[in-house]
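See structure below.
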């Protein structure tokens, strides 16, 4: 199955984030398998991302995307049956230059958001990306 | 007191949005009074926005702002004691050209988000704007 893996640094405790993720995942479950890996350190992040060919970092200064461009990016990497894509969201301290140089940086906004809000934006945009690809009414 | 008014079109029922708003408002209550006006139509929107000199529409195609620029915008309009600023967030159908031509358009992202997520982004950025102005650790 097509797999999207989200890597976050540091523990996310807020219940509302988990509820929102569940809400979108329920809608996405026939399309994609979603994995959320919470790592403790950047070393652990480097180890865990090794098995995924296409991993992107979310960064305010990265390449700014609109919903259609993000949908195309997902479509590009998830064309085949067992294709995988990964996204990294830093903790409150951000990400080191080593990580930012290793992975391509994409941006949802020039604004700074909390990690929790960035996770929510990512999940909703993944759901929207599949709706855009299907040409559904969700994205107008 | 300084007042920020949020105008939304259509009813927002989700409890998590109300909880998130309350969470940020609790932290903001010494700085600013926040009002949330849910209008049923654009005519009602035009009537209700009349008493506020500076009203902005949030639109994906508006002037893209980063958190610092948004903080400056708020600071500019809320310098004085009883200053007011307003923000309009459209419903699932978006806003008419009449509304978009009447108010300056600002953008938090070229991406399309749901109204609920846009409200959350706005509230968090208002809180962040005051923290930026104070030079606090919240915004790094």
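Residue numbers (my numbering), protein chains in the order written: chain A, 853 to 992; chain B, 853 to 992. Beta carbons are placed, not taken as given, at the ideal position from N, Cα and C, and that holds for glycine. Please read these numbers as outputs of a predicted model, since none were measured by experiment.
Counting only the Cα atoms, residue 962 of chain B lies some 13 Å from residue 912 of chain A.
Taking residue 957 of chain B as reference, the option from B/944, B/987, B/908, B/873 with the minimal CA-CA separation is B/908.
With a cut-off of 8 Å on Cβ pairs, the region 939–959 of chain A is in contact with the region 967–983 of chain A, counting three or more such pairs. By the beta-carbon neighbour count (other beta carbons within 10 angstroms, threshold 16), residue 867 of chain B is exposed.
For residue 918 of chain B, the neighbours in chain A by C-beta distance under 9 Å run, in chain order, 912, 961, 962, 963, 964.
According to the DSSP assignment, residue 908 of chain A belongs to no alpha helix (DSSP H) but to the beta strand (DSSP E) extending over 907–916.
DSSP places residue 970 of chain B within a helical segment (H, G or I) once states are collapsed to three.
At the C-beta level, residue 937 of chain A and residue 906 of chain A come within 7 Å of one another. A residue is called buried when at least 16 other Cβ atoms come within 10 angstroms of its Cβ; residue 923 of chain A meets this threshold and is buried. Residues of chain B whose Cβ lies closer than 9 Å to the Cβ of residue 991 of chain A are, in chain order, 964.
Counting only runs of 4+ residues, the alpha helix (DSSP H) found wholly inside the region 915–942 of chain B occupies 919–929, in chain order. When Cβ-Cβ separations below 7 Å define contact, residue 868 of chain A makes contact with chain B. For residue 973 of chain B, the C-beta contacts it makes with chain A under 9 Å involve 961, 963, 965, 969, 973, in order along the chain. Of all residues in the region 855–879 of chain A, the ones placed with a Cβ closer than 9 Å to any Cβ belonging to chain B are 868, 871, 872, in chain order. When only Cα atoms are considered, residue 865 of chain B and residue 873 of chain A end up about 18 Å apart. DSSP lists no bridge partner for residue 877 of chain A. In this structure, the beta-carbon distance from residue 900 of chain B to residue 889 of chain B falls below 7 Å. Residues of chain B with a Cβ closer than 8 Å to the Cβ of residue 976 of chain A are, in chain order, 965, 966, 969. C-alpha of residue 893 of chain A to C-alpha of residue 935 of chain A: approximately 26 Å in a straight line.
Excluding the 5 residues flanking it on each side, residue 964 of chain A has same chain C-beta neighbours closer than 7 Å at 912, in chain order.
Around the C-beta of residue 976 of chain A, 16 or more other C-beta atoms lie within 10 Å, and the residue is accordingly described as buried.
In this structure residue 885 of chain A is in contact with residue 853 of chain A, their Cβ atoms being roughly 5 Å apart against a cut-off of 8 Å.
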